[in-house]
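K.L.:
Structure (structure tokens):
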């Protein structure tokens, strides 16, 4: 009986030691961005930024401003962008649907379609 008690206490001590192992280091949990805020990139490498209702696009090589404007949420998944092209001096409207947390499917007022991917 004494031997059983010693074995049980030893097993319990081993389990407790395993739970408090100093080699355990919790990894930070990556938070997935939500909504449209942040930077997005198109297939040509143009960066679009959404921040507090302001929208702008810039080149990746020189960081030159190509277009600017504003955006508003139509719904949780839909955003309307009103922008002015600084190159063409034209104003246009684009509707974008959030397809998951990292893709925007957009359609311009002329019917042109394009996709933006969240920049990491």
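Numbering (my numbering), first residue to last: 26 to 145. Backbone N, C-alpha and C fix where the C-beta goes; we use that ideal spot for every residue, glycine too.
With a cut-off of 8 Å on the beta carbons, I'd call residue 82 and residue 73 a contact; round off their distance for me.
P.N.:
One-based indexing of the chain shown puts residue 82 at position 57. One-based indexing of the chain shown puts residue 73 at position 48. Right, the Cβ-Cβ distance comes to about 5 Å (below 8 Å), so this counts as a contact.
K.L.:
What residue does the beta strand (DSSP E) around residue 91 start on, and which one ends it?
P.N.:
Here the question's residue 91 lines up with position 66 in the chain shown. Unbroken beta strand (DSSP E) run through residue 91: 90–98.
K.L.:
Taking the alpha-carbon positions, what's the residue 77 to residue 135 distance?
P.N.:
Indexing the chain shown from 1 puts residue 77 at position 52. Indexing the chain shown from 1 puts residue 135 at position 110. Spanning the two alpha carbons is a distance of roughly 26 Å.
K.L.:
Quick one: what does DSSP say residue 137 is sitting in, helix, strand or coil?
P.N.:
Start at 1 with the first residue of the chain shown, and residue 137 comes out as number 112. The answer is coil: DSSP assigns residue 137 none of H, G, I, E or B.
K.L.:
Can you tell me the Cα-Cα spacing of residue 140 and residue 124, whole angstroms?
P.N.:
Translated into the one-based positions of the chain shown, residue 140 becomes position 115. Translated into the one-based positions of the chain shown, residue 124 becomes position 99. Approximately 10 Å, taken between the alpha carbons.
K.L.:
Figure out for me which residue from 129, 91 and 127 has the closest Cα to the Cα of residue 111.
P.N.:
As a working note, residue 111 is residue 86 in the chain shown. If we check each option's Cα against that of residue 111, 91 comes out closest.
K.L.:
Looking at the structure shown, is residue 47 part of a helix, part of a strand, or coil, going by DSSP?
P.N.:
In the chain shown, residue 47 corresponds to position 22, counting from 1. Unreliable placement is indicated for residue 47, whose pLDDT of 47 sits below 50; the coordinate value is still reported in the next sentence. Here residue 47 sits in coil by DSSP.
K.L.:
State the Cα-Cα distance for the pair residue 109 and residue 79, rounded to the nearest angstrom.
P.N.:
Looking up residue 109 in the chain shown gives position 84. Looking up residue 79 in the chain shown gives position 54. Between residue 109 and residue 79, the C-alpha separation is close to 12 Å.
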